[in-house]
Amino acid sequence: MTKSFVAETIQTTPSLVSTHKFTETTPDRESVKVVIYGSKRGVNNTILTLYKLGFAEVNEWSPLLPSSSPGEVMSILTRHIQTN
Numbered sequence: 425m426t427k428s429f430v431a432e433t434i435q436t437t438p439s440l441v442s443t444h445k446f447t448e449t450t451p452d453r454e455s456v457k458v459v460i461y462g463s464k465r466g467v468n469n470t471i472l473t474l475y476k477l478g479f480a481e482v483n484e485w486s487p488l489l490p491s492s493s494p495g496e497v498m499s500i501l502t503r504h505i506q507t508n
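Read in order, the letters of the sequence shown correspond to residues 425 to 508 in the working numbering.
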């Protein structure tokens, strides 16, 4: 993925995305999850990189959680997007 692709995606995302914390899915909204798997260092570095690119605040990600693979962790970001 190139930096220009990420920048274009981020520019179009804010009008479609809400970071309000609610769990209900309504006819015009749905929940989308972004998951990062890897070492603790790799996951933390990726979260910081995505923050620097304006994708998500660091505190919007879940705490590091163990994954099904030994030595690997994951973190989850949930976004609510408009579907219409």
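Here a beta-carbon is modelled for each residue, glycine too, at the ideal position from N, C-alpha and C.
Beta-carbon proximity list for residue i, same chain, < 6 Å, skipping 5 on both sides
i, result
"residue 516", "Residue 516 falls outside the range modelled here, since the chain spans only 425 to 508, and no answer is possible."
Beta strand (DSSP E) segment containing residue i, residue limits
i, result
"residue 467", "Run containing residue 467: none in the beta strand (DSSP E); it sits in the alpha helix (DSSP H), 464-476."
"residue 502", "497-506"
Residue j beta carbon less than 9 Å from that of residue i
i, j, result
"residue 491", "residue 497", "yes"
"residue 486", "residue 472", "no"
"residue 459", "residue 499", "yes"
Neighbourhood of residue i by C-beta, 7 Å cutoff - its chain only, sequence neighbours within 5 removed
i, result
"residue 508", "452"
"residue 464", "488 and 497"
The ligand HEM heavy atom lying under 8 Å from the CB of residue i
i, result
"residue 484", "Of ligands this structure carries none, so the ligand HEM is not represented either."
Integer-rounded CB distance, given that residue j should sit under 8 Å from residue i
i, j, result
"residue 474", "residue 480", "6 Å"
Same chain, Cβ closer than 8 Å to residue i, neighbours up to 5 away in sequence not counted
i, result
"residue 467", "460, 461, 488, 497, 498 and 499"
"residue 470", "460 and 462"
"residue 454", "504, 505 and 507"
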